[in-house]
Amino acid sequence: MEKLAALPIDWANVNWPYFLALVILVFGCTFVGTALSMKRTFLSCLLTSLLFGAAFMFWTYYPHNLPLPMLDKPDTTAVTGTAAQRPYSSGPLRDPTYR
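If you read the sequence shown in the numbering used here, its first letter stands for residue 1, the second for the next number, and so on.
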């Protein structure tokens, strides 16, 4: 149990509904894949992988308009650096229309 506490994961910031939904999705895919493969290990793994891939693609990218928990995407429009920093230029900045 000491090793679990030493993990560098911020447990408060985990998106638990999304995590639990994916665990349930994998469980369902494994159950169906194992039932269809009639207890053949490799075929079960292959079917489970394909079922999970299809279910995850539907869950994440299909516009189904269902209230499913989603993974929040980081804001990529944020400007890095400070406001005082200017981009590097090889010469003085000037207006290209100015002559």
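For each residue, glycine too, the CB sits at the ideal point set by N, CA and C. Just so it is clear, the structure is predicted and the values come from calculations on it, not from any experiment.
Here the alpha carbons of Cys-29 and Ala-55 stand approximately 8 Å from one another.
Around the beta carbon of Leu-47, a 10 Å sphere encloses 16 or more other beta carbons of the protein chains shown; the residue is thus reported as buried. Short of 8 Å from the beta carbon of Cys-45, and not among the five residues preceding or following it, lie these beta carbons of its own chain, in chain order: Gly-33. Annotation: the continuous alpha helix (DSSP H) that includes Pro-17 extends over 16-37. Per DSSP, Ala-12 is not a residue of any alpha helix (DSSP H), being assigned neither H nor E.
Collapsing the DSSP output to three states places Leu-66 in coil.
Note that the C-beta distance between Val-26 and Phe-58 is not below 8 Å. For the pair Leu-20 and Trp-11, the Cα-to-Cα distance works out to about 14 Å.
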